[in-house]
Every structure is written in C-alpha cells, then in structure tokens.
Amino acid sequence: KLQAVLFDLDGVITDTAEYHYLAWKQMAENIGIGIDREFNEALKGISRMESLERILIHGNRAQDFTPNQRTVLAQEKNEHYISLLTQLLPEHTYPGIGELLEQLKQEKVPAVLASASKNAPRILTSLGLEEMFQYMVSPDGIPGKPAPDIFLNGAEAVGADPRYCIGIEDAQAGIEAIKAAGMYAVGIGEERVLRIAGANIVYESTAELNLSSLLKAA
Ligand code: B16
Ligand code: MG
Numbered sequence: 002k003l004q005a006v007l008f009d010l011d012g013v014i015t016d017t018a019e020y021h022y023l024a025w026k027q028m029a030e031n032i033g034i035g036i037d038r039e040f041n042e043a044l045k046g047i048s049r050m051e052s053l054e055r056i057l058i059h060g061n062r063a064q065d066f067t068p069n070q071r072t073v074l075a076q077e078k079n080e081h082y083i084s085l086l087t088q089l090l091p092e093h094t095y096p097g098i099g100e101l102l103e104q105l106k107q108e109k110v111p112a113v114l115a116s117a118s119k120n121a122p123r124i125l126t127s128l129g130l131e132e133m134f135q136y137m138v139s140p141d142g143i144p145g146k147p148a149p150d151i152f153l154n155g156a157e158a159v160g161a162d163p164r165y166c167i168g169i170e171d172a173q174a175g176i177e178a179i180k181a182a183g184m185y186a187v188g189i190g191e192e193r194v195l196r197i198a199g200a201n202i203v204y205e206s207t208a209e210l211n212l213s214s215l216l217k218a219a
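In UniProt numbering, each residue carries its 1-based index in the sequence shown increased by 1.
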C-alpha cells in the first residue's frame, strides 16, 4: 500500500524552473558566459553551488573564480531569483497539484516536499500550500540529487518504507535520485529524456496526475 508521495518543487508544483533559468542566464551573461535552455536541463534539480560550478565549467571559467567570488556570484543569482519569486501567487500552482494534495490528505497518505531548494519554504508560502505537506525536507547538509538522500530523508521523516513511496520529478537528476532511493518514479515532462533517467511512467503535464492514476501505475 502507498505510504507516502514525495514531490519535487521546481518544475512539478510550479514553474519556478523558469525563474531559476532566467536568473542563472543573467548571472552567466554578467561574466561573459552564454547558456541556453538545452544546457539548463542539466541544471534542474541540482543545488545552487553545483549549478554555478557547471556554468563556470561550461564557459571554461572555472579557474577564474575563488571560493569567495563563487559565493558572491551565487548570492547575486539568488537575489535576482528571489525578486522574481515576488510574482508568485497561488494561481501559479500547476494544474492538478492542489487536487492531488487534497486527495492525499483525505486518504491520509503523507505528502512530503523533497526539493533541493533552500527557497522551498518561501515558495510554498507564496502558493498557500504549506499546510498540505506533512514534512518538508531541508536540503542543507545532505547530498543533493542525483543522490537518493533527499528522498530517503523525506520518507524516513514520515515513517514510510521507500518501496511503498512514489516520487514525482521533472529533472533527470531527480528521477535518478528517486530510483536510487528505491521508489517508484513519476516523471513530468519529456518522455524520452525522463525514461532514460529511469522514470517508471512519464506524464506530459501535472494535469494528468491524480491519486487513482498513481495507484494504478505504482
Ligand atoms: P535554491 P527542486 C532545485 O529545486 C532546482 O531545480 C534547481 O534548479 C536549483 O538550483 C535548486 O533547487 C536549488 O535551489 O537556489 O533555491 O536553493 O527541483 O529540487 O525543487
Ligand atoms: Mg524540479
């Protein structure tokens, strides 16, 4: 029986993946590095500092920045990102997500937030969803996706056996993390890309999610 559903945030609950992209793109441009949407796919689900590292390597600039300068660059990106977040309203929750959370609550199946983002609490508050989650994983100090730790930590917090958990993700790194945790992986996005990462099932949109489809699939 289903013991918990673990949700990624950026790209699953709302479209903050787009804000991350815009903020990274601006920061990269400031230091003469160009990034496009295709490159950005590899940043999804990856922690802030690791994302910065990948951008510097992509632009062949990794040797040009000290750890302190990297911290400043990451701060700049985050401030820009937070300024974009002020636009976020409850109506920006992706279709089907509110309904699925309601169904889980009714069935007393814990909903867990398994995001790599340190901004996750702020985002859930803007969307008015914080009450809907039984537990929010704090990504500080635990290995990031594609390591399984964020998902394992979430399952453990609500006393769920990973084998009876479903994880929902839009990023390759996130799907890999769910599979490494031994859970059933639901991908949101491009079938081809997410199947390669190990998704058990892929939906084009969150609108296709509901509790009965998840129960049938898993
Ligand atoms: P922050 P998720 C991830 O969130 C994002 O996909 C990724 O792009 C971002 O760099 C990471 O959070 C860290 O976010 O800078 O806000 O701490 O997809 O795991 O919900
Ligand atoms: Mg995501």
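Glycine residues also receive a C-beta, built at the ideal position from the N, C-alpha and C atoms.
Among ASP65, SER213, LYS26, the one whose alpha carbon lies nearest that of GLU42:
Nearest C-alpha to GLU42: LYS26.
Excluding the 5 residues preceding and the 5 following ILE176 in the sequence, name in chain order all residues of the same chain whose CB lies nearer than 7 Å to its CB.
Closer than 7 Å at the Cβ level, and outside the excluded window around ILE176, lie GLU170, ALA186, GLY188, LEU195, ALA198, GLY199, ALA200.
Which residue from GLY183, ASP65, LYS45 puts its Cα closest to that of HIS21?
Nearest neighbour of HIS21 by Cα position, chosen from GLY183, ASP65, LYS45, turns out to be LYS45.
Using DSSP bridges, identify the partner residues of VAL203.
Bridge pairing for VAL203: GLY188 [DSSP].
Where ASN211 and ALA218 are concerned, what is the direct C-alpha to C-alpha distance, given to the nearest angstrom?
If I take the Cα positions, the gap works out to 11 Å.
Excluding five sequence neighbours on each side, which residues of the same chain lie with their C-beta closer than 6 Å to the C-beta of VAL138?
Taking VAL138 as the centre and dropping the five residues before and after it, the same chain places the C-beta of ALA115, ILE151, ASN154, GLY155 closer than 6 Å to its C-beta, in chain order.
Could you check whether the Cβ of SER206 sits closer than 7 Å to any heavy atom belonging to the ligand B16?
SER206: no, Cβ never under 7 Å from the ligand B16.
What residue range is occupied by the uninterrupted beta strand (DSSP E) comprising GLY168?
In the DSSP assignment, GLY168 falls within the unbroken beta strand (DSSP E) covering 166 to 170.
Is the Cβ-Cβ distance between PRO91 and GLY129 less than 8 Å?
Their beta carbons are under 8 Å apart, which means PRO91 touches GLY129 by this criterion.
Own chain residues within Cβ distance below 8 Å of ALA148, not counting five before or after
Exclusion of the five residues before and after ALA148 leaves ALA178, ALA181 as the residues of its chain whose Cβ lies within less than 8 Å of its Cβ.
Looking at ALA172: is its Cβ nearer than 8 Å to the Cβ of GLY12?
For the 8 Å CB-CB criterion, ALA172 and GLY12 form a contact.
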